[in-house]
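What follows is a single structure, written as structure tokens, with notes after it.
Chains as they are written, first to last, in the numbering used here: chain Z, -12 to 495; chain S, 220 to 561.
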């Protein structure tokens, strides 16, 4: 037990740095920022794995030691508990005076009758009795075995939670995908934007299904002042899910309400705008027409994105921002002042040349301008366009960029965690165990009978009761008093112990 | 969506309750001082009687108490030295200050609970969306628990230990005050918001009362150890009684905190797609749970003294305070809902 205390406190202390330093498993971007801001300190912190606290060997060693000490403690206790459940309660001690709770009374019956009344009283209160032997003038009752059962259940279930959590981290996978309104997406390993497998999972574990995003409604706080202004208030979506061999099914989803598909869940984690842009050559021929996903960069959804027109020769690249509510800031330039669509604009610059130099892989949200030149107007200034929905902009060569409208996109997370339901089951078991272990009292009640047979005078028998409890038990005296009351009640007698004798003197 | 009139009424109710609590604190302190000195005097009378110089002290006691007491309480100071059982518990000492304290606390309880309800009505949701609302709900629970407890048992002596932290909680809430408004979608889940955060506030309220009892135990225990139970400390119950109560509160609070953790994990699974991801708030919920688990173990370990176990419980309280302040305000994570502009 003493080891457990130190290990628990050590575990708490070890988890602490995980909350002050950014963690790679939670937010790798923050870790990179930390490295940039603290170039001297960060490598040292990294050497002791302070950016990977929860997968570090030193954290693992603490909880493994804790688990070992737990198992080492639990197994002997289970054996002992099994024995004590089947064993009889022990004989009553000769002298009950040393027990923490006591009560005495006198009844006007013989010893046998008083003993029967005592056994009856204890049985009625749910105590397990030691078998009677002839000539015994005492009885022992014990109750509350479920306390230890609950204790063992709690600790075993805790092990279960840890194992289930580990299983989820070994056999699960998670993939992220951005889908625009009206778009349909079929899940296979290659179609995710990012896909992470746990050590023991692979592509074969991903079920086949199709998700079509029908609609995404978003609302932002526009009434309140201060920090609350512009806070998101509602994300509600409608999606059609199709699993091979089953009818397509339309599901509503929201931030707290994932799409369920093939036993897994798809969560709404992000959202943003996709302006619809059409680009025509000087003859009016459509070169490009698509909704372009722009990634929000701040809480007001000032977003960045790029348009790559490969149908034109040379290739045309447009890069810049989408601002849902335009505000010209004297210092920052063009920013967005509200995440909703109040005054949406596209602000783009244009480049011409080879869009994919050397066929290098590149981001869809940016363009590689290595082999491109920026377009300029007659005076030599870079071309900069600011277009509102329904407007268009004409490039120097007559190519037009038209801003047709705006749709939204949803950032979805599909996740498979085989450990989550077992973890829930074990977690519920821990609470059941806790309730039993902390709510039930393990008590022993001993009753001793002393028959007195005065030569002249009525027959009377002394009844002495002692109570014992595991751990602190303020209610024990009340139980002992009640047992005495039951015995005297059925046999006709009086109690000798003043009711408040053992009670709290200071707090009454 | 939000009703500014009701929100204002809520604010006024909370401010007024703070003032009432300040008065309650004064009355409770007066109560402790009065009972403490009376018991101290009674104890010295007992000692005096033992050395058979009791007569003079007796008449002094009578004179003083006679001036103090004009309430209908039975006054029988002369019996003090005669009947040993009542010496350690002088019932004749005025309880008026303590009673006033409890009545004021009841008034404040209605004020804080009313203010919390008004806040909830004004924003048309469960009032548990930011730090301020967390504070007023936790304060409500602590006051409800104390007030109901004081109906069943004599808990006048506990008053200052509960009222002072509750005032601190409300004060903290006022420092990080947040205008009444709606919630971000991740929080806008009536079922899990109400279950998870209600459990969190209730267990925090119980932990606060537990910590208050723990502090009372430590103070009284050191006084008993040095055999110098002076002044207001004499107004407290015996140390072992205080310790049993400390433990009793914690064994209620710990399972509730376990529920908080589990319901939080379920909500995280629904909202973020994972039930446990070592977010700063999750780490701290875990740390608090582990520290209180250590307390329960240390309480059951024979090698550890009750004092040391109580220190572990107070360490848990320190973690709760850090979780509410530092983690909410300085550490960015998924739980960054404090509503406080930075």
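Here a beta-carbon is modelled for each residue, glycine too, at the ideal position from N, C-alpha and C. Being a predicted model, the structure only gives us computed values, none of them experimental.
Item	Value
Please say whether residue 208/Z and residue 401/S have beta carbons closer to each other than 8 Å?	yes
Just to check my reading of the structure: residue 446/Z and residue 105/Z have Cβ atoms closer than 8 Å, yes? What is that Cβ distance to the nearest angstrom?	Contact doesn't hold; Cβ gap of about 17 Å is too wide.
With DSSP as the reference, identify every bridge partner of residue 316/Z, one or two as the case may be.	320/Z
With a CB to CB cut of under 6 Å and the five nearest residues on each side skipped, what residues in its chain are close to residue 448/S?	442
Taking residue 418/Z as the query, report the chain S residues whose CB atoms sit under 8 Å from its CB, ordered along the chain.	474, 477, 478 and 481
Alpha carbons only, please: which of 378/S, 502/S, 383/S and 471/S is nearest the one belonging to residue 316/S?	378/S
Checking contacts by CB at 8 Å: is residue 10/Z closer than that to chain S?	yes
Name, please, each residue of chain Z whose Cβ falls closer than 7 Å to the Cβ of residue 401/S.	208 and 220
Quick one: what's residue 372/Z bridged to in DSSP?	335/Z
Residue 285/Z: buried (16+ other C-beta within 10 angstroms of its C-beta) or exposed?	exposed
Contact between the region 394 to 403 of chain Z and the region 155 to 166 of chain Z is defined here as three or more beta-carbon pairs at a separation below 8 Å; is this criterion met?	yes
Does the structure place the region 240 to 253 of chain S close enough to the region 427 to 443 of chain S that three or more beta carbon pairs sit under 8 Å?	no
Unbroken alpha helix (DSSP H) runs of length 4 or more, entirely within the region 379 to 454 of chain Z: which are they?	407 to 426
Give me the Cβ distance between residue 344/Z and residue 330/Z, rounded to the nearest whole Å; I'm assuming they're in contact under 8 Å.	With 8 Å as the limit, residue 344/Z and residue 330/Z do not qualify as a contact, their Cβ atoms being about 36 Å apart.
For chain S, find out if any of its Cβ atoms is closer than 8 Å to the Cβ of residue 3/Z; answer yes or no.	yes
Closer than 9 Å by beta-carbon distance: list the chain S residues that pair up with residue 458/Z, in chain order.	466, 518 and 519
I'd like to know whether the C-beta of residue 179/Z is nearer than 8 Å to at least one C-beta of chain S.	no
Is there a Cβ of chain S sitting closer than 8 Å to that of residue 187/Z, yes or no?	no
What does residue 517/Z reach in chain S if we use C-beta pairs closer than 7 Å?	Residue 517/Z lies beyond the stretch modelled for chain Z, which goes from -12 to 495, so this question has no answer here.
With a CB to CB cut of under 7 Å and the five nearest residues on each side skipped, what residues in its chain are close to residue 494/Z?	Summary for residue 494/Z: the model assigns pLDDT 39, below 50, so the residue's position carries little reliability, and this model does not support an answer.
With residue 112/Z and residue 470/Z assumed to form a contact (beta carbons below 8 Å), what rounded beta-carbon distance in angstroms separates them?	7 Å
Counting only C-beta atoms, is residue 340/S closer than 8 Å to chain Z at any point?	no
Kindly say whether residue 506/S, judged by its beta-carbon, lies nearer than 8 Å to any beta-carbon of chain B.	Here chain B cannot be found, since the structure's protein chains are Z and S.
How big is the Cα-Cα spacing for residue 455/Z and residue 101/Z?	21 Å
Report yes or no: do three or more beta-carbon pairs, one from the region 413 to 427 of chain Z and one from the region 218 to 235 of chain Z, lie closer than 8 Å?	no
Check the Cβ of residue 384/S against every Cβ in chain Z and list those closer than 8 Å, keeping chain order.	Result: empty, since nearest Cβ-Cβ is about 21 Å, beyond 8 Å.
If you draw a straight line from the C-alpha of residue 110/Z to the C-alpha of residue 64/Z, how long is it?	27 Å
If the criterion is Cβ atoms closer than 8 Å, does the pair residue 143/Z and residue 61/Z meet it?	yes
Is the region 353 to 371 of chain Z close to the region 165 to 172 of chain Z, with three or more CB pairs under 8 Å?	no
The beta strand (DSSP E) with residue 260/Z in it runs from where to where?	251 to 267
Give the secondary structure of residue 460/Z by DSSP, where H, G and I count as helix, E and B as strand, and everything else as coil.	coil
Among 448/Z, 433/Z, 392/Z and 437/Z, which residue has its Cα nearest to the Cα of residue 463/Z?	433/Z
Using a Cβ cut-off of 7 Å, which residues of the region 443 to 463 of chain S contact any Cβ in chain Z, in chain order?	456, 457, 460 and 463
Would you say the region 497 to 505 of chain S touches the region 460 to 470 of chain S, given that touching needs at least three Cβ pairs under 8 Å?	no
Just to confirm my understanding: we take residue 269/Z, look at its own chain, exclude 5 residues before and 5 after, and list those with CB closer than 6 Å. What are they?	385
Let's test the definition: count the other Cβ atoms within 10 Å of the Cβ of residue 408/Z and tell me whether it reaches 16, buried, or not, exposed.	exposed
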